[in-house]
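Asker: So that we are looking at the same thing, I have put the structure below in structure tokens.
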Amino acid sequence: MAQTLRPYLLATRRTVTAALCLQNFGSQVVERHNKPEVEARHNKELLLQPVIISRNTTERVLIEGSVNSLRISIKIKQADELEQILCRRFMRFLTQRAENFVILRRKPIQGYDISFLITNANVEQMFKHKLVDFILDFMEEVDKEINEMKLSVNARARITAVEFLKVFV
């Protein structure tokens, strides 16, 4: 883990761990329904104050909690147009496979690249510390993956340009 990334991930880890105190809470509007309150937003008193942890202007995490669910939205660093395209394609690839990732939302929150929704049922079925580790590992690895893809695209472009320009030399 890079030294500049460590405080950002540590703050995110502590905040997510603190917000993961979820419990089973039925809907106060419809009987026998248990919807994630962070998504439904029926009662304002059941929602926690949203927290934004920002590394810089282009990289941030939004953590929205409620009594029975937690939504984590991540904005990934995109320095140039190539990184924007790679990030958009990679996130689309992941969201199309959201059923394989139990906590991944199909559609991210406006202004963010990807979102996770953790409900009280997820916390009951899985270990809390493993959920937090998964999200933090995802945050680390997605940045590395996009950088590797960018290097690969640049290397392929260089080889193509060399082959194309050999005709003119």
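Just so we're aligned: the sequence shown equals residues 54 to 222 in our numbering.
Positions of the beta carbon are idealized from the N, C-alpha and C atoms, including for glycine.
1. Which residues does DSSP pair with residue 117 in a beta bridge?
2. Looking at the structure shown, is residue 172 part of a helix, part of a strand, or coil, going by DSSP?
3. Based on Cα-Cα distance, which residue from 140, 117 and 201 lies nearest to residue 172?
4. Using the Cβ count rule (16 or more neighbours within 10 Å means buried), how would you classify residue 170?
5. Under 9 Å between the Cβ atoms of residue 144 and residue 129?
6. Please classify residue 188: does DSSP put it in a helix, a strand, or coil?
7. Roughly how far, in whole angstroms, is the beta-carbon of residue 33 from the beta-carbon of residue 125, given that I think they are within contact range, below 8 Å?
8. Have a look at residue 121 and residue 203 and give me their C-alpha separation to the nearest angstrom.
9. Can you check whether the CB of residue 184 is closer than 9 Å to the CB of residue 62?
10. Straight-line CA distance for residue 131 to residue 196?
11. Looking only at its own chain, which residues have a Cβ that is under 7 Å from the Cβ of residue 165, when we skip the five neighbours before and after it?
Answerer: According to the data block:
1. Within the sequence shown, numbered from 1, the residue matching residue 117 stands at position 64. Its beta-bridge partners are 124.
2. In the sequence shown, residue 172 corresponds to position 119, counting from 1. Three-state result, residue 172: strand.
3. Taking the first residue of the sequence shown as position 1, residue 172 is located at position 119. It is 117 whose Cα lies nearest to the Cα of residue 172.
4. For the purposes of this step, residue 170 is identified with residue 117 of the sequence shown, where counting begins at 1. Result: buried.
5. Residue mapping note: residue 144 aligns to position 91 of the sequence shown, counting from 1. Residue mapping note: residue 129 aligns to position 76 of the sequence shown, counting from 1. Against a cut-off of 9 Å, the Cβ pair of residue 129 and residue 144 comes out as a contact.
6. Position 135 of the sequence shown holds residue 188. Note: residue 188 maps to helix in three-state DSSP.
7. With the chain covering only 54 through 222, there is no way to say anything about residue 33.
8. Walking along the sequence shown from the start, residue 121 turns up at place 68. Walking along the sequence shown from the start, residue 203 turns up at place 150. Distance between the alpha carbons of residue 121 and residue 203 is about 39 Å.
9. In the sequence shown, the residue the question calls residue 62 occupies position 9. In the sequence shown, the residue the question calls residue 184 occupies position 131. Not closer than 9 Å, so no.
10. Against the sequence shown, residue 131 aligns to sequence position 78. Against the sequence shown, residue 196 aligns to sequence position 143. Looking at the two C-alpha atoms, the distance is approximately 9 Å.
11. Here the question's residue 165 lines up with position 112 in the sequence shown. Cβ within range, chain order: 115, 126, 127 and 128.
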